[in-house]
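> One structure follows; several queries about it will come next.
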Amino acid sequence: MSATLASLRIRNLALVEDLLWEPGGGFIAITGETGAGKSVVMGAVKLLLGERADRTLIRTGADACAVEGVFLLPDDSPVHGILESGGVEACEDGRLIVRRVIGATGAGKQFANGSPCTLALLREAGDLLLDLHGPHDHQSLFSRERQLGMLDGFGGADPRKFCEARREWLRLSDELRRLSDDAASIARETDLLAHQSQEIAAAALLPGEEEPLLARRKTAANGHRLAELCGDLATRLGDSDDSIPARLTGVVRIAKEIARLDPLGEGISAAADEIFDGLQELARDLDHYAGSLESDPARLAEIEARLDVIQSLKRKYGTSVDEVIAFGARAAARLDELRGREERGADLDKEIARAAAAMHAVGTALTKARRAAAPKLQALVKGHLADLGFAKSGFVISLEPLADPGPHGCELAEFLFSPNPGEPDRPLRAIASSGEISRVMLALKTALAGQDAVPVLIFDEIDANVGGEIGAKVGAKLKELSSSHQVFCITHLPQVAALANSHFIVTKDTAGARTTTALVAACGPDREVEIARMLGGKASSAHAHARALLSAAP
């Protein structure tokens, strides 16, 4: 089962106040007087497909208009994947409900299965659901890329492998171009980075080494004075009768005598002993400290030189030794990268050659498939054109080789048509007659029906500028299409409308000062009346003709 448009609800859009339409399947005809509002139906469908809204279409007196469509989707429809990627909840019972609300002020809103969505998502899903062909909707048929896509669809050719191969070839070629364009700047940057990384590496910096060096420099610079102070303090802590320990000996002796006479004085004696022991420890520390003092001018010069190196590097590469080391690591890594790019450039030529060969191999196979499919599609379309009144018309599919592979292959297609013998084949875009181009499009659609994945087709006045027997043949082709698609046709031709599986009439009524458009099913006598109206009147002959058309319909 292919997807179908199950229902369409329109509120406050142009002349429509509130309309609910459930069209059914097969071939559906829509008719009505000129100006009754058939274009409103097309406008509503276009809104469901993500077309930008025109606020002037909001019904007078209403604050907003709304359009809602319900599509029935098969389980294997690719639309499911698009909805899922857009964060839309899964379809319930295979249904997709699309709703657009356009307010008189502010931004409009759109929903898919109740979830807010973007217009881009509606357009992407709509491209897979519905194909609309109106008097101004043939531009895609004129596109050579679209024509090539039609040929590929008919012949079963898949250009995706070619596109992937071409993207890889372009990517590699672009990479080589950037390398070539940047060669001079890369050389300059390489030289600079080599100098920077070598300069930092030669210094062999150690994390945190600057602070100890600064401390040692301060000590070495004050070495003479520190030695004098150490000597003076050593004298005061020495063995002379006037030294501090000698004087403290008497203090200790007196404190011990106090403790001997009064146990409560033990604390005084212990404190005196602690002071005496502390002086002895101070003397030992002083001796060790004095021995560690650096007073060698040569050693001071070494420290100064090392600090000068560190200061010079900090001025260039960072505010601390750690930052300089980090800069050096980054410079070395970038240098390796640039040298790798130089080596990469040597390998790219080979990779580009391999990618080009792969692209041309896939392109050659694609070209072969297209050349095999073109005469078959050409003959099929000519047969359908003959059915549509172009018995001796010409239809040719030309494949023009490209000097360089394009995004879709190594050639472009051009559909050429000549309506009458003796006339030259001309590109479709050069055909001025809307009736001719409409029938060519219908012939193509019919020929491609088996490969056309879009399930719903809407034709708006495709029968323009044709009539009589040709109109009946147009209707027959639409009927044929409806065996594999849901086909809607807005038509003025009774021969077309009579062949439809179901028939709806657009009516316009005025009540008071308001005009309202409605869409009603034409069944039984009502359908005969409508067909008779389309035939030109209420005369009995028109009704007889209408009955004949309806009874002859399969």
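Numbering (this note's numbering), first residue to last: 3 to 556. C-beta atoms are modelled at their ideal positions from N, C-alpha and C, and glycine is treated no differently.
1) May I have a chain-ordered list of the alpha helix (DSSP H) segments no shorter than 4 residues that lie completely inside the region 328 to 362?
2) Between L404, A205, I32 and G391, which lies nearest to I439 when the distance is taken from Cα to Cα?
3) Mark P421 as exposed unless 16 or more other C-beta atoms lie within 10 angstroms of its C-beta, in which case mark it buried.
4) Please give the ranges of any beta strand (DSSP E) in the region 441 to 518, keeping only runs that are unbroken, at least 3 residues long and fully inside the region.
5) Is the CB-CB distance between L85 and A55 below 8 Å?
6) Using beta-carbon positions only, say whether L315 and F278 come within less than 8 Å of one another.
7) I'd like the list of long-range same chain contacts for S117, defined as Cβ closer than 6 Å, with 5 residues on each side in sequence excluded.
8) Use the C-beta contact count for S484: other C-beta atoms within 10 angstroms, 16 or more gives buried, fewer gives exposed.
9) Please name the residue in Q380, A257 and G240 whose C-alpha comes closest to that of A272.
10) Tell me whether P409 sits in a helix, a strand or coil according to DSSP, three-state version.
11) Would you kindly check if the distance between the Cβ of R97 and the Cβ of L74 is under 8 Å?
12) Which residue marks the beginning of the alpha helix (DSSP H) containing D129, and which one marks its end?
13) Leaving out the 5 sequence neighbours to the left and right, which residues in its chain are closer than 6 Å to I327 when beta-carbon positions are compared?
14) Excluding sequence positions up to five away, which residues of its chain have a Cβ less than 8 Å from the Cβ of I1?
15) Along the chain, where does the beta strand (DSSP E) that runs through F29 open and close?
16) So does the region 399 to 411 actually touch the region 174 to 191, counting three or more Cβ pairs closer than 8 Å?
17) Among the residues of its own chain, which have a CB less than 8 Å from the CB of Q453, if the five just before and after it don't count?
18) Thinking just about the alpha-carbon of each residue, which of A500, K510, L288 and T518 is nearest to the one in H547?
19) Got a sec, what are the start and stop residues for the beta strand (DSSP E) L552 sits in?
20) Measure the Cβ-Cβ separation of A38 and T519 and say whether it is below 8 Å.
21) Can you tell me whether G267 is helix, strand or coil according to DSSP?
22) Give me the DSSP bridge partner(s) of R559.
23) Three Cβ pairs or more, each shorter than 8 Å: is that satisfied between the region 230 to 241 and the region 364 to 384?
24) How far does the alpha helix (DSSP H) with R146 in it extend, from its first residue to its last?
25) For the candidate residues L50, E35, T33 and T120, whose alpha-carbon lies nearest to that of G88?
26) Tell me whether the region 121 to 130 and the region 46 to 54 touch, counting them as touching only if at least three CB pairs, one residue from each stretch, are closer than 8 Å.
Reading it off the structure:
1) none
2) Distances from the CA of I439 to each of L404, A205, I32 and G391 were compared; the closest alpha carbon is that of G391.
3) By the neighbour-count criterion, in which 16 or more other beta carbons inside 10 Å mark a residue as buried, P421 falls on the buried side.
4) 458 to 462, 488 to 492 and 504 to 513
5) no
6) no
7) V90 and E91
8) It is buried - the Cβ of S484 has at least 16 other Cβ atoms within 10 Å.
9) A257
10) coil
11) Taking 8 Å as the Cβ cut-off, L74 and R97 qualify as a contacting pair.
12) L121 to L131
13) Cβ within range, chain order: L207.
14) Because the chain here runs from 3 to 556, residue 1 falls outside it and cannot be looked at.
15) Segment F29 to G34, the beta strand (DSSP E) holding F29.
16) no
17) G155, F156 and G158
18) A500
19) Per DSSP, L552 belongs to no beta strand (DSSP E); it is in the alpha helix (DSSP H), S542 to A554.
20) yes
21) Secondary structure of G267 (DSSP, three-state): helix.
22) Because the chain here runs from 3 to 556, residue 559 falls outside it and cannot be looked at.
23) no
24) Element bounds for R146: R146 to G157.
25) T120
26) Taking one beta carbon from each stretch, the region 121 to 130 and the region 46 to 54 have 3 or more pairs nearer than 8 Å; the two touch.
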